[in-house]
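A.B. asks: The end of the sequence shown is residue 565 by the working numbering, with every number in the run present. A virtual CB, placed ideally from N, CA and C, is assigned to each residue, including glycine. First, the structure itself, so that you have it in front of you.
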Amino acid sequence: MAPLNTVAVIGAGIMGRGIAHGAALAGYRTILEDLLPATLRKAESEIRANLDKAVELGKVSAPDANAAFSRIEFAGSIEEAARDADLVIEAVPEEMESKIEIFTLLDKICRPTTILASNTSSLSVTEIASVTYRAKKCLGMHFFNPAHKMKLLEIVRALETDDDTLASAVEVGKRMGKEVIVIKESPGFITSRINAMIGNEAFYMLQEGIASAADIDKALKLGLNHPMGPFELVDLVGLDTRLNILEYLHKTLGEKYRPAPLLVQYVKAGRLGQKSGRGVYEYPQAKHGQETA
Ligand SMILES: NC(=O)c1ccc[n+]([C@@H]2O[C@H](COP(=O)([O-])OP(=O)(O)OC[C@H]3O[C@@H](n4cnc5c(N)ncnc54)[C@H](O)[C@@H]3O)[C@@H](O)[C@H]2O)c1
Numbered sequence: 273m274a275p276l277n278t279v280a281v282i283g284a285g286i287m288g289r290g291i292a293h294g295a296a297l298a299g300y301r302t303i304l305e306d307l308l309p310a311t312l313r314k315a316e317s318e319i320r321a322n323l324d325k326a327v328e329l330g331k332v333s334a335p336d337a338n339a340a341f342s343r344i345e346f347a348g349s350i351e352e353a354a355r356d357a358d359l360v361i362e363a364v365p366e367e368m369e370s371k372i373e374i375f376t377l378l379d380k381i382c383r384p385t386t387i388l389a390s391n392t393s394s395l396s397v398t399e400i401a402s403v404t405y406r407a408k409k410c411l412g413m414h415f416f417n418p419a420h421k422m423k424l425l426e427i428v429r430a431l432e433t434d435d436d437t438l439a440s441a442v443e444v445g446k447r448m449g450k451e452v453i454v455i456k457e458s459p460g461f462i463t464s465r466i467n468a469m470i471g472n473e474a475f476y477m478l479q480e481g482i483a484s485a486a487d488i489d490k491a492l493k494l495g496l497n498h499p500m501g502p503f504e505l506v507d508l509v510g511l512d513t514r515l516n517i518l519e520y521l522h523k524t525l526g527e528k529y530r531p532a533p534l535l536v537q538y539v540k541a542g543r544l545g546q547k548s549g550r551g552v553y554e555y556p557q558a559k560h561g562q563e564t565a
């Protein structure tokens, strides 16, 4: 297993920026890229602010935070980001067409030895990998939000993933301080399948007028000991991302995953969560900055 030195992250949205932060802190030369220059700039300032916060809280020393930040390069194109990478982690929106477009391009740009990972929450990595000539070097690396803090990394072994690729990805996850689990590919893996189900049920309850969003959140936090309520969580994840996941689970696993009509309506209204300033709840200061292209 050859050591990996350079990690490229494609897509600097909610997840990409956190993955880049974690990779840089683990000592990897890290290159972050996004289609939208404004999103990349926003990602740069958010990573800096999050590293400063970690120093303030005594979780990282100031020299380590500065060294991590200096390890991150912000690339203007996917070619620039991926050509020298040993591992590329794709974190573009949860749509099969986008993933396929990126993997087709990466397969042409990257060295034959480069590992291609998708941070997809639900989609078939086997299908994504099938557009490349290196399916055995493709796998899923499913990080959680916020990616620089959350402990779990769910690694998804696709049909053709080989042992060496799997071992390299596990090693990267461990170096980033994650607890790693390896699972066989299945729609929604472990986490998204269960989480989408809980979140969808919460939307059905809200739609039926059983209780307010705040009380449904309170019930799960105080009665079931969930750290966040389902609506707080979906506002963090993005309602569009959750809807994409549910639509895929519905298509692949059946009727019980049909997205709640209220969720569909919120997405149509542009209520995408914290990133757009309004989801189930309102966020007067939009945090994400993707809407400013
Ligand atoms: N949001 C979550 O909580 C969460 C958790 C785990 C996994 N995921 C998965 O991570 C992936 C990304 O989700 P996100 O929430 O970060 O989405 P996001 O919408 O916040 O970010 C996606 C980014 O990709 C960029 N992008 C789109 N097309 C691109 C292209 N061709 N080249 C480069 N950049 C491009 C967009 O400009 C955007 O900044 C999805 O597959 C999602 O399912 C999300």
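Spatial neighbours of threonine 437 within its chain, please: C-beta separation below 7 Å, excluding the five flanking residues on both sides.
C.D. replies: For threonine 437, where only same-chain residues beyond five positions count, the Cβ hits under 7 Å are Ile387, Lys408, Lys409, Leu411.
A.B. asks: Does glycine 551 pass the burial test, meaning 16 or more other C-beta atoms within 10 Å, or should it be called exposed?
C.D. replies: Under this definition glycine 551 is a buried residue.
A.B. asks: Residue range of the beta strand (DSSP E) that methionine 477 falls in?
C.D. replies: No beta strand (DSSP E) holds methionine 477; the alpha helix (DSSP H) holding it covers 463 to 479.
A.B. asks: DSSP three-state call for isoleucine 361: helix, strand or coil?
C.D. replies: Isoleucine 361: strand per DSSP, three-state reduction.
A.B. asks: DSSP on glutamate 527, reduced to helix/strand/coil?
C.D. replies: Looking at glutamate 527 - three-state DSSP - the assignment turns out to be helix.
A.B. asks: Quick one: Cα of proline 418 to Cα of aspartate 306, how far?
C.D. replies: Approximately 18 Å between the Cα atoms of the pair.
A.B. asks: Looking only at DSSP bridge pairs, what is isoleucine 344 linked to?
C.D. replies: Note: isoleucine 344 sits in a beta bridge opposite Thr302.
A.B. asks: May I ask which residues mark the beginning and end of the alpha helix (DSSP H) holding glutamate 504?
C.D. replies: Per DSSP, glutamate 504 belongs to the alpha helix (DSSP H) from 502 to 509.
A.B. asks: Quick one, are the C-beta atoms of leucine 297 and leucine 323 less than 9 Å apart?
C.D. replies: Result yes, Cβ atoms of leucine 297 and leucine 323 sit closer than 9 Å.
A.B. asks: So, with DSSP's three-state summary, where would you put alanine 280?
C.D. replies: Residue state, collapsed to three classes: strand.
A.B. asks: Could you say which of Asp356, Asn338, Ala274 lies nearest to valine 281 if we only look at CA atoms?
C.D. replies: Looking at the Cα atoms, Asp356 is the closest of the given residues.
A.B. asks: Among Asn338, Glu366, Ile350, Leu395, which one has its Cα closest to the Cα of threonine 376?
C.D. replies: For the residues Asn338, Glu366, Ile350, Leu395, the minimum Cα distance to threonine 376 belongs to Ile350.
A.B. asks: Could you tell me the alpha carbon to alpha carbon distance between alanine 339 and isoleucine 372, rounded to whole angstroms?
C.D. replies: Approximately 34 Å, taken between the alpha carbons.
A.B. asks: From what residue to what residue does the alpha helix (DSSP H) around isoleucine 291 run?
C.D. replies: From DSSP, the alpha helix (DSSP H) with isoleucine 291 extends over 286 to 297.
A.B. asks: Spell out the partners DSSP gives leucine 579 in its beta bridges.
C.D. replies: The structure shown does not extend to residue 579, since the chain is modelled only from 273 through 565, so no value can be given for it.
A.B. asks: With three or more beta-carbon pairs closer than 8 Å as the criterion, would you say the stretch 465 to 476 touches the stretch 531 to 542?
C.D. replies: Flag = yes, the stretch 465 to 476 and the stretch 531 to 542 touch.
A.B. asks: With DSSP as the reference, please indicate the residues paired to glycine 460 in a beta bridge.
C.D. replies: In the DSSP output, where bridge partners are listed per residue, glycine 460 has none listed.
A.B. asks: From this set, Ala468, Leu518, Ser402, Ala284, which residue's C-alpha is nearest glutamate 318's C-alpha?
C.D. replies: Nearest of Ala468, Leu518, Ser402, Ala284 to glutamate 318, Cα basis: Ala284.
A.B. asks: Given that a residue counts as buried once 16 or more other Cβ atoms are within 10 Å of its Cβ, and exposed if not, what is tyrosine 405?
C.D. replies: Result: exposed.
A.B. asks: Please confirm whether any heavy atom of ligand 1 lies closer than 8 Å to the CB of asparagine 322.
C.D. replies: Outside the cutoff, so no.
A.B. asks: Pick helix, strand or coil for glutamate 352, following the three-state DSSP scheme.
C.D. replies: The answer is helix: DSSP assigns glutamate 352 an H, G or I state.
A.B. asks: Leaving out five residues before and five after alanine 353 in sequence, what residues of the same chain have Cβ atoms less than 7 Å from its Cβ?
C.D. replies: Closer than 7 Å at Cβ, skipping near neighbours: Ala280, Ile282, Ile303, Glu305, Ala347.
A.B. asks: Quick check on tyrosine 300: buried or exposed, where buried means 16 or more other Cβ atoms within 10 Å of its Cβ?
C.D. replies: With 16 or more Cβ atoms within 10 Å of its Cβ, tyrosine 300 is classed as buried.
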